[in-house]
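Scroll down for the structure; my scribbles are underneath it.
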Amino acid sequence: MTPFSSRRAGTAGLLLLAILWGTMVPTITHLLKTWDPLFLAALRYLGGGPALLPALWLMRPAHGSETPRPVAPWRLGLLGIIGISAYAGLYTLGVAHSNPVTAAILSAASPAVATVTDRLIFGRRLDRRMIPGLLLAMCGCVLATVDFSRAGSPFDLRGGEILILAAFACWSWYSSAAQRWLEGWSQLRISGTTMTIGGVVLTVVYVIAAAFGGVPFPPPAPPTTTDWWVLAWLVFVLVSIGVLLWNFGVKRSGVVTA
């Protein structure tokens, strides 16, 4: 595959992902009516990561002709803890404590967060051609959230917005670090492994919080068939397929473009 066709494939994957992840905030907002944010964050990755493992097993190289490059366990741990666990926990809590519309629009700020994260941690310079797009995205984010007819502050800020931005920073770091540290790994292996680690970590945190009475336990069952379908959409489409498409796109187009 040529570099140009590779970038086109990455862009196509990211466009599909944009359509899918456009349903992320309303999906999580709906499920938060039933479940605690920490439990929901753990459930989405504890289910989403292992869901990719059968596909990974089926696509393994025949007769061990090719094995993934060995990686230090601490690196896999950081990718799972910071990139998946911290991101999922912060994002879900942020949505729970934000106006759902504001939470959705804040995604326009993610390119700026990715740019700053890439610059500070990896020393990567920004392509100057992207500056107008970043500025327009940020201006659009501000204009879409302001309401001058609202009493008091024109912004309906509830405190969770800073958690969403922190989640974007964790996700941006994971996106770049995973491609650097796991070079030579397939995107399927990267996604399945890191999501499984993150799901286990989130589950441990949830169990500890439940033991101290910090979250409700046991969690309630979904009250309706619709809730089961929405939950399945979150775990198997938005998480399993979504993270796979994201890593695929980042590998070919870069994290800021993604």
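Residues in the sequence shown are numbered from 0 upward in steps of one, following numbering that gives the first Met the number 0. Even glycine gets a Cβ: it sits at the ideal position worked out from N, Cα and C.
Which of helix, strand or coil DSSP assigns to V145: As a first step, residue 145 must be located in the sequence shown, where it is residue number 146. Assignment of V145 by DSSP, reduced to helix, strand and coil, places it in the strand class.
Let me make sure I understand the geometry here. Which of L237, I27, D117 has the alpha-carbon closest to that of A50? Numbered from 1 along the sequence shown, position 51 holds the residue referred to as residue 50. Comparing Cα positions, the closest option is L237.
Does the separation of the CB atoms of S185 and G9 fall below 8 Å? As a working note, residue 185 is residue 186 in the sequence shown. As a working note, residue 9 is residue 10 in the sequence shown. The beta carbons of S185 and G9 sit no closer together than 8 Å.
Which value, in whole angstroms, describes the spacing of the CA atoms of G241 and A257? By one-based count along the sequence shown, residue 241 stands at place 242. By one-based count along the sequence shown, residue 257 stands at place 258. C-alpha separation (whole angstroms): 12 Å.
Between the alpha carbons of T216 and A17, how many angstroms are there, rounded? The residue labelled residue 216 in the question sits at position 217 within the sequence shown. The residue labelled residue 17 in the question sits at position 18 within the sequence shown. This sequence places Phe at residue 216; Thr is not what is there. The alpha-carbon separation between F216 and A17 amounts to approximately 34 Å.
Closest by CA to L311, which one among G132, A41, L133? In the structure as shown, the chain starts at 0 and stops at 257, and residue 311 therefore has no counterpart that could be examined.
Of the residues L13, D117, S190, the one placed nearest S175, counting alpha carbons only: Walking along the sequence shown from the start, residue 175 turns up at place 176. Nearest option by C-alpha distance: D117.
Which class does V24 belong to by DSSP, given the choice of helix, strand or coil? Taking the first residue of the sequence shown as position 1, residue 24 is located at position 25. Helix.
Look up A220 in the DSSP assignment and say whether it is helix, strand or coil. In the sequence shown, counting from the first residue as 1, residue 220 sits at position 221. Note: A220 maps to coil in three-state DSSP.
So, under 8 Å CB-CB, G292 and W172 are touching, yes? Tell me the CB distance rounded to an integer number of Å. Within the shown structure, residues of the chain are numbered from 0 to 257, placing residue 292 beyond reach of any answer.
To the nearest angstrom, how far is the alpha carbon of R123 from that of E182? Within the sequence shown, numbered from 1, the residue matching residue 123 stands at position 124. Within the sequence shown, numbered from 1, the residue matching residue 182 stands at position 183. Near 18 Å, if we compare the C-alpha coordinates of E182 and R123.
Complete runs of the alpha helix (DSSP H) confined to the region 66-136 [at least 4 residues]: Inside the region 66-136, DSSP marks whole alpha helix (DSSP H) runs of 4 or more residues at positions 72-77, 86-95, 99-104, 109-121, from first to last along the chain.
Cα separation between V94 and T28? Numbered from 1 along the sequence shown, position 95 holds the residue referred to as residue 94. Numbered from 1 along the sequence shown, position 29 holds the residue referred to as residue 28. Going by the C-alpha atoms only, they are around 7 Å apart.
6 Å Cβ shell around G197 - same chain, five flanking residues per side excluded: Numbered from 1 along the sequence shown, position 198 holds the residue referred to as residue 197. Excluding the 5 residues flanking it on each side, G197 has same chain C-beta neighbours closer than 6 Å at Y44, G79, I83, S84, in chain order.
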